[in-house]
Amino acid sequence: MKVQALSVAVLAALVAFACGKKQDNSTGAAAPSATAASAGPRTVEITANDQMKFSVTHIDAKAGEQLTVVLTNTGTQPVEVMGHNWTLLKKGSDVAAFDLAASKEKQSDYFPESLAGEVIAHTKLLGPRKSDQVTFTVPSEPGDYPFLCTFPAHYQVGMKGELTVK
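Be aware that the sequence shown starts at 0, since it is given in numbering that gives the first Met the number 0, and climbs by one per residue.
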């Protein structure tokens with residue numbers, strides 16, 4: 000009889016554990032699960048290719064949300080010939096001036112340190128079949144924020160886009 004009672008108690012404990020809900024004694028409502036409370040940033044996956052195109056040229060985002068951009072270079076050309084990165088600039092930045100400055104910065108993988116204050120987030124320069132990611136907090140001010148690849152001439156042929164904060 001003791002074994003049966005013990006089995007029932009163990010079974011009841013397992014069922015309660017499997018449900019994973021805790022009671023909030025003040026309201027009797029189930030407390031939210033830890034998994035829901037710790038949901039991570041939203042991920043946007045972008046590919047870049049030898050045709051100098053991003054697969055995503057527009058991203059809608061909520062002010063203050065956490066966003067992870069994963070960039071993958073799906074091309075086959077060597078990084079010295081066809082490297083790609085993803086650089087998000089502040090709203091109102093002079094994208095053409097930033098790109099021109101970047102094109103002269105081969106030693107820093109086409110990232111102009113002198114204009115780093117214009118950058119919200121960026122990936123490293125990627126060779127073929129390589130990926131990098133960056134996680135950042137979306138700006139709180141609504142509007143359009145430009146992004147581009149800073150490898151020479153890529154911006155001019157259309158390797159650019161916008162993050163729209165709503």
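Just so you know, even glycine gets a beta-carbon here, dropped at the ideal spot from N, CA and C.
Whose C-alpha, out of Met51, Pro111, Glu104, is nearest the C-alpha of Gln76?
Position 77 of the sequence shown holds residue 76. For Gln76, the nearest C-alpha among the options comes from Met51.
What are the boundary residues of the beta strand (DSSP E) that Glu79 is part of?
Position 80 of the sequence shown, counted from the first residue, corresponds to residue 79. Taken as a continuous stretch (DSSP letters only), Glu79 belongs to no beta strand (DSSP E), being part of the alpha helix (DSSP H) at 78-81.
What residue range does the beta strand (DSSP E) around Phe135 cover?
For the purposes of this step, residue 135 is identified with residue 136 of the sequence shown, where counting begins at 1. Note, Phe135: beta strand (DSSP E), 130-136.
Which residue wins for smallest C-alpha separation from Asp49, given the options Lys89, Phe135, Asn84?
By 1-based counting over the sequence shown, the position of residue 49 is 50. For Asp49, the nearest C-alpha among the options comes from Asn84.
Three-way DSSP call (helix, strand, coil) for Ala152 in this model:
Position 153 of the sequence shown holds residue 152. Coil.
Where the beta strand (DSSP E) containing Ala47 begins and where it ends:
Counting from 1 along the sequence shown, the entry for residue 47 is found at position 48. It spans 41-47 - the beta strand (DSSP E) in which Ala47 sits, taken as one unbroken run.
As assigned by DSSP and simplified to three states, the class of Ala36:
Counting from one through the sequence shown, the residue named residue 36 turns up at place 37. Residue confidence for Ala36 is low, a pLDDT of 43 falling below 50, so the modelled location carries little weight; the figure read from the coordinates is stated next. Ala36: helix per DSSP, three-state reduction.
Please check if any C-beta of chain D sits within less than 8 Å of the C-beta of Pro145.
Looking for chain D here will not work: only one protein chain is present.
Looking at the secondary structure, which residues open and close the alpha helix (DSSP H) in which Val55 lies?
Counting from one through the sequence shown, the residue named residue 55 turns up at place 56. Taken as a continuous stretch (DSSP letters only), Val55 belongs to no alpha helix (DSSP H), as it is neither H nor E.
Asn84 - partner residues in DSSP beta bridges
In the sequence shown, the residue the question calls residue 84 occupies position 85. Asn84 is not bridged to any residue.
Are Thr134 and Thr67 touching if we call contact CB-CB under 8 Å?
Your numbering for residue 134 matches position 135 in the sequence shown. Your numbering for residue 67 matches position 68 in the sequence shown. Their beta carbons are under 8 Å apart, which means Thr134 touches Thr67 by this criterion.
Whole-angstrom distance between Lys89 and Lys105, CA atom to CA atom:
To locate residue 105, count along the sequence shown from 1; it is residue 106. To locate residue 89, count along the sequence shown from 1; it is residue 90. Rounded to the nearest angstrom, the two C-alpha atoms are 22 Å apart.
Exposed unless 16 or more other CB atoms sit within 10 angstroms - verdict on Ala96:
Taking the sequence shown and counting its residues from 1, one reaches residue 96 at position 97. Answer is exposed; the Cβ neighbour count stays below 16.
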